[in-house]
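**Student:** Just dropping this structure here.
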Amino acid sequence: MTAEGWALPPALAPLAGAFLLPLLPKKLRSAAFLVFTLAALALAAAIPDGATASLRWMGYELSLLRVDALARVFGLIFAFIAFAGGLYGFHLKDAAQQSAALLYAGSALGIAFAGDLVTLLVFWEILALASTYLVWARRVEESLKAGFRYLMVHLFGGGMLLAGVVLHIAETGSFAVERLKPDGSFASWLMLIGVGLNAAIPPIHAWLPDAYPRATVTGAVFMSAFTTKAAVYVLIRVFPGWKILLVMGVLMTVYGVVFAVLANDIRQILAYHIVSQVGYMVAGAGIGTEMALNGSAAHAYSHILYKALLFMAAGAVIETTGRSKLSELGGLARRQKGILVLYMVAAFSISGVPLFNGFISKSMVVAAAGEAGYGTAMLLMTLASVGTFLSVGLKLPYFTWFGPKAGFEPARPPRNMLVGMGLVGGLCLGYGLAPILLYRILPFPVEYRPYTGAHLAESLELLAFTFAAFWILRKVLAPKPRLLLDLDWFYRRPAALFRLVFVETPAVAFGWTHRLANAAVAGAAAFGRNPGGAFTGGGDYSPDRYRPTTQALILVVLAAFIVLGLASLL
Amino acid sequence: MTPRKAAGWTAFAAFAAAGLILEFALPSGHGTGHWWDRVPAFHALLGFAGAALLAFGAKLLAKLVVGQDEDYYDR
Chain P
1 MTAEGWALPP ALAPLAGAFL LPLLPKKLRS AAFLVFTLAA LALAAAIPDG ATASLRWMGY
61 ELSLLRVDAL ARVFGLIFAF IAFAGGLYGF HLKDAAQQSA ALLYAGSALG IAFAGDLVTL
121 LVFWEILALA STYLVWARRV EESLKAGFRY LMVHLFGGGM LLAGVVLHIA ETGSFAVERL
181 KPDGSFASWL MLIGVGLNAA IPPIHAWLPD AYPRATVTGA VFMSAFTTKA AVYVLIRVFP
241 GWKILLVMGV LMTVYGVVFA VLANDIRQIL AYHIVSQVGY MVAGAGIGTE MALNGSAAHA
301 YSHILYKALL FMAAGAVIET TGRSKLSELG GLARRQKGIL VLYMVAAFSI SGVPLFNGFI
361 SKSMVVAAAG EAGYGTAMLL MTLASVGTFL SVGLKLPYFT WFGPKAGFEP ARPPRNMLVG
421 MGLVGGLCLG YGLAPILLYR ILPFPVEYRP YTGAHLAESL ELLAFTFAAF WILRKVLAPK
481 PRLLLDLDWF YRRPAALFRL VFVETPAVAF GWTHRLANAA VAGAAAFGRN PGGAFTGGGD
541 YSPDRYRPTT QALILVVLAA FIVLGLASLL
Chain C
1001 MTPRKAAGWT AFAAFAAAGL ILEFALPSGH GTGHWWDRVP AFHALLGFAG AALLAFGAKL
1061 LAKLVVGQDE DYYDR
């Protein structure tokens, strides 16, 4: 195994951190977390385009690193949000969780800068394992179960990707992470299923709203950023122009908001909005024009910022109240002004309110759909945008911070939580005010202008009248304690049947076989101890039993010899 | 009308007025050339009708299929 080249993959910093952090003194760990993630951010920013790092392994030349504009957009935001998450979780005293988060961030960076499919696949699997731990780390039964379901689903997805990659390499001999033609082979489809699972494309999306609300408060912040967006990166890189992605992406935008309107857990509402928002990015990849791919990458960048901030604010509510259900919250505004303001920055961003970062990126995908002639897609994505403002921008904050008082006093959040949130909120506003900061790092030249009269007029009308509808219908939208059936029903409900068929029945059969084998062995042993017993009616074998008869026989024979001997003498 | 309600409607009126005035002040022929560009205040209609559709549609969906008791999977 030899390593060549001088460039240091940005993933190395958090990966090394994941292993070093538990060895450090307790008091230094949170600060070290920030150092490792800042180092990753510096590496992602400084590494020159075209840098490589290769590794000879088992006769193959693996390319660990590929740096271009697309990889860098994702690399920068992954590293930044890991840093911001570290600030938000600075008060944590849980080395395992901090290590898992670093490992998670490192694997996401590894995917963004992966130079070949094998490297990508390895980081893909680490990503699944590290994120599972962030669900388990909450240490309640519900989270253990949800984490296990999450792991099973992702191992399945990883298996699909592995099968696709192996088949692809066998067919083409190419290890490169490169564009695949939409007329695709079986191998391409397998890879698309594996990647699509992580992008939460229905019907393989239900792991997301199942697991995210049950992760730890800080864990969910990282989860909201890495898994789906790493998959979006691969979709942009490998599957641009696959029309099925346009169809599925548009479906996702609407599907997510419908379920979000119904959800009761605040982080489940946000989780369904990840499905919805990732839909725009998937659709952008499906359209495949330069503008659409730019839009996908830009929206992933914006989304990571505002979605992390939404999960941070929701996490702060859970941390300070111990409650997560909208039906059990209410009237917290007076005590949580800071959290509310920062939440609203993120909520306005995701809703596409002018001056916030969602306005400058979501609209790029929608406009790209319009330019490419997909009018219906454009209209449905705009409808989904209405749903986003309705539930994240209005319903969630109304029933958490306003609305009927729940009648309890929240604790004070750790100061570092607000610092982390403030940093991310500042960027949501910053990019909204100065879109050029984002546009100039996108993979293709940007001609799109978000601040046109028409776009402003449309957005203001849309938002104002969505607000009016919410205000009139807020009783219809009042939260209800309930559980939502999603497509995870197909593996959760039949779980008992599966256990019966694949666990309990084989266990019973095994028990029978076991007893049968034991009985056979015992029988054979008994027979072996006294085979004669089978003919004479049993009883234990005793060496004395046949002795008199044998002695008598020998005496007779001996006597016969004596008689014969004597006779011959005569 | 409570102060909160008044503030809500004021915010609505400001946003709605800004959007509508801007739309009608712009020279015609803007937009992306789809049929809805010819419908005046289309996005206002879409915002209101879309939100109502989603609210009632989701409620119906919950009633018919997806809404269950919280202990559904534990039973």
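Chains P and C, in that order, give the protein sequences. The opening residue of the first sequence carries number 1 in this note's numbering; numbering runs sequentially from there. The opening residue of the second sequence carries number 1001 in this note's numbering; numbering runs sequentially from there. In this text, a Cβ means the ideal position worked out from N, Cα and C, and glycines have one as well. Only a predicted model underlies this, so the values are computations on that prediction, with no experimental measurement involved.
1) Any chance you could list the alpha helix (DSSP H) runs of at least 4 consecutive residues sitting entirely within the stretch 482-557 of chain P, in chain order?
2) Give the secondary structure of M1(P) by DSSP, where H, G and I count as helix, E and B as strand, and everything else as coil.
3) Determine the burial state of R415(P): buried for a count of at least 16 other Cβ atoms within 10 Å of its Cβ, exposed for fewer.
4) Just to confirm, is the Cβ distance from G279(P) to G295(P) under 8 Å?
5) Within 8 Å (strictly less), CB to CB, does A1058(C) reach chain P?
6) Between which two residues does the beta strand (DSSP E) holding E61(P) run?
7) State buried or exposed for P312(P), treating a residue as buried only when at least 16 other CB atoms are found within 10 Å of its CB.
8) In whole angstroms, what is the alpha-carbon distance linking A1041(C) and L380(P)?
9) Nearest-angstrom Cα distance between L167(P) and W189(P)?
10) Could you have a look at S54(P) and say whether DSSP puts it in helix, strand or coil?
11) Comparing the CB of E319(P) with every heavy atom of the ligand GTP, is any distance shorter than 7 Å?
12) Return the bridge partner residues of G1067(C) from the DSSP annotation.
13) Is there a Cβ of chain P sitting closer than 8 Å to that of A1016(C), yes or no?
14) Report, in whole angstroms, the separation of the C-beta atoms of L161(P) and L208(P), which I expect to be a contact under 8 Å.
15) Check distances from the C-beta atoms of the stretch 458-474 of chain P to those of chain C and list, in chain order, the residues that come in under 7 Å.
16) With which residues is A176(P) paired in a DSSP beta bridge?
17) Determine, using beta carbons only, whether L65(P) and A7(P) come nearer to each other than 8 Å.
18) Terminal residues of the continuous alpha helix (DSSP H) containing H299(P)?
19) Could one say the Cβ of T382(P) lies closer than 8 Å to chain C's Cβ atoms, at least one of them?
20) By the DSSP assignment, the alpha helix (DSSP H) with Q336(P) in it spans what residues?
21) Let me know the secondary structure DSSP gives K475(P) once reduced to three states.
22) Would you please state the rounded distance, in angstroms, between the beta carbons of A18(P) and V135(P)? I believe it to be under 8 Å.
23) Check whether the stretch 349-358 of chain P and the stretch 415-431 of chain P touch, using three or more Cβ-Cβ pairs below 8 Å as the test.
24) DSSP three-state call for K1005(C): helix, strand or coil?
25) Counting only beta-carbon separations shorter than 8 Å, does R449(P) have a partner in chain C?
26) Could you check what DSSP says for K26(P) in three-state terms: helix, strand or coil?
27) If you draw a straight line from the alpha carbon of A468(P) to that of A478(P), how long is it in whole angstroms?
28) Can you tell which of K93(P), G375(P), L484(P) and A260(P) has the C-alpha that lies nearest to the C-alpha of D1069(C)?
29) With respect to the alpha helix (DSSP H) encompassing Y451(P), which residues constitute its N-terminal and C-terminal limits?
30) By the 10 Å Cβ neighbour count, where 16 or more other Cβ atoms means buried, how is K243(P) classified, buried or exposed?
31) Below 8 Å between beta carbons: does that hold for L396(P) and I304(P)?
32) Using 10 angstroms around the beta-carbon of D1071(C), count the other beta-carbons present and answer buried if the total reaches 16, otherwise exposed.
33) Counting only beta-carbon separations shorter than 8 Å, does V1065(C) have a partner in chain P?
34) Using the Cβ count rule (16 or more neighbours within 10 Å means buried), how would you classify Y451(P)?
35) Which whole-angstrom value is the C-beta distance of A71(P) and F113(P), which I expect to be below 8 Å?
36) Determine the chain C residues that contact R482(P) at a beta-carbon separation under 8 Å, and present them in chain order.
**Tutor:** To lay it out plainly:
1) Those alpha helix (DSSP H) runs which fall completely within the stretch 482-557 of chain P and span 4+ residues are 489-492, 495-498, 505-529 and 533-536.
2) Residue numbering aside, residue 1(P) sits at position 1 when the first sequence is read from its first letter. For M1(P), the predicted model reports a pLDDT of 36, less than 50, meaning its position is unreliable; a value from the coordinates is still stated below. Coil.
3) Residue mapping note: residue 415(P) aligns to position 415 of the first sequence, counting from 1. Flag for R415(P) reads exposed.
4) Your numbering for residue 279(P) matches position 279 in the first sequence. Your numbering for residue 295(P) matches position 295 in the first sequence. One thing to note: G279(P) has its Cβ no nearer than 8 Å to the Cβ of G295(P).
5) Numbered from 1 along the second sequence, position 58 holds the residue referred to as residue 1058(C). So, interface residue.
6) Start at 1 with the first residue of the first sequence, and residue 61(P) comes out as number 61. It spans Y60 to S63 - the beta strand (DSSP E) in which E61(P) sits, taken as one unbroken run.
7) Against the first sequence, residue 312(P) aligns to sequence position 312. Here residue 312(P) turns out to be Met, not Pro, going by the sequence shown. Buried, because 16 or more other Cβ atoms sit within 10 Å of the Cβ of M312(P).
8) For the purposes of this step, residue 1041(C) is taken as residue 41 along the second sequence, with counting starting at 1. For the purposes of this step, residue 380(P) is taken as residue 380 along the first sequence, with counting starting at 1. Each residue's alpha carbon lies about 17 Å from the other.
9) Counting from 1 along the first sequence, the entry for residue 167(P) is found at position 167. Counting from 1 along the first sequence, the entry for residue 189(P) is found at position 189. Each residue's alpha carbon lies about 11 Å from the other.
10) Looking up residue 54(P) in the first sequence gives position 54. DSSP places S54(P) in strand when its eight states are reduced to three.
11) Ligands displayed in this structure: none; no statement on the ligand GTP is therefore possible.
12) Stepping through the second sequence from its first residue, residue 1067(C) is reached at position 67. Assignment of beta-bridge partners to G1067(C) by DSSP yields L484(P).
13) The residue given as residue 1016(C) occupies position 16 in the second sequence. Chain P contact via Cβ: present.
14) As a first step, residue 161(P) is located in the first sequence; it is residue number 161 there, counting from the start. As a first step, residue 208(P) is located in the first sequence; it is residue number 208 there, counting from the start. The C-beta distance from L161(P) to L208(P) rounds to 17 Å, too long to meet the 8 Å contact threshold.
15) Contact annotation: in the stretch 458-474 of chain P, residues whose CB is within less than 7 Å of a CB in chain C are E458, L460, E461, L462, L463, A464, F465, T466, F467, A468, A469, F470, W471 and L473.
16) For the purposes of this step, residue 176(P) is taken as residue 176 along the first sequence, with counting starting at 1. Here A176(P) is bridged, per DSSP, to D116(P).
17) For the purposes of this step, residue 65(P) is identified with residue 65 of the first sequence, where counting begins at 1. For the purposes of this step, residue 7(P) is identified with residue 7 of the first sequence, where counting begins at 1. Contact flag set, yes.
18) Numbered from 1 along the first sequence, position 299 holds the residue referred to as residue 299(P). H299(P) -> alpha helix (DSSP H) spans E290 to T321.
19) The residue you call residue 382(P) lines up with position 382 of the first sequence. Chain C contact via Cβ: present.
20) As a position in the first sequence, residue 336(P) is number 336, starting the count at 1. That residue, Q336(P), is in no alpha helix (DSSP H); it is neither H nor E in DSSP.
21) Against the first sequence, residue 475(P) aligns to sequence position 475. Judged by DSSP in its simplified three-state form, K475(P) adopts coil rather than helix or strand.
22) Position 18 of the first sequence, counted from the start, is the residue given in the question as residue 18(P). Position 135 of the first sequence, counted from the start, is the residue given in the question as residue 135(P). With a beta-carbon spacing of about 17 Å, A18(P) and V135(P) fall beyond the 8 Å limit used to define contacts.
23) Flag = yes, the stretch 349-358 of chain P and the stretch 415-431 of chain P touch.
24) Walking along the second sequence from the start, residue 1005(C) turns up at place 5. Three-state DSSP puts K1005(C) in a helix.
25) Taking the first sequence and counting its residues from 1, one reaches residue 449(P) at position 449. No, because no Cβ of chain C sits closer than 8 Å to the Cβ of R449(P).
26) Stepping through the first sequence from its first residue, residue 26(P) is reached at position 26. In the structure shown, K26(P) adopts helical secondary structure according to DSSP, grouped into three states.
27) Residue numbering aside, residue 468(P) sits at position 468 when the first sequence is read from its first letter. Residue numbering aside, residue 478(P) sits at position 478 when the first sequence is read from its first letter. Taking the CA atoms as reference points, A468(P) sits about 16 Å from A478(P).
28) Numbered from 1 along the second sequence, position 69 holds the residue referred to as residue 1069(C). Nearest C-alpha to D1069(C) among K93(P), G375(P), L484(P) and A260(P): L484(P).
29) What you label residue 451(P) is simply residue 451 of the first sequence in a count that begins at 1. First-last for Y451(P): undefined, no H or E at that position.
30) Reading the first sequence from its first residue, position 243 is the one you call residue 243(P). With fewer than 16 other Cβ atoms within 10 Å, it is exposed.
31) One-based indexing of the first sequence puts residue 396(P) at position 396. One-based indexing of the first sequence puts residue 304(P) at position 304. At least 8 Å separates the beta-carbon of L396(P) from that of I304(P).
32) Along the second sequence, read from residue 1 onward, the residue named residue 1071(C) stands at position 71. It counts as exposed.
33) Walking along the second sequence from the start, residue 1065(C) turns up at place 65. It does; some Cβ of chain P falls within 8 Å.
34) Within the first sequence, numbered from 1, the residue matching residue 451(P) stands at position 451. Exposed, by the Cβ-count rule.
35) Here residue 71(P) is taken as the residue at index 71 of the first sequence, counted from 1. Here residue 113(P) is taken as the residue at index 113 of the first sequence, counted from 1. So it is a contact: roughly 5 Å between Cβ atoms.
36) Mapped onto the first sequence, residue 482(P) falls at position 482. Here the neighbours are A1062, G1067, Q1068, D1069 and E1070.
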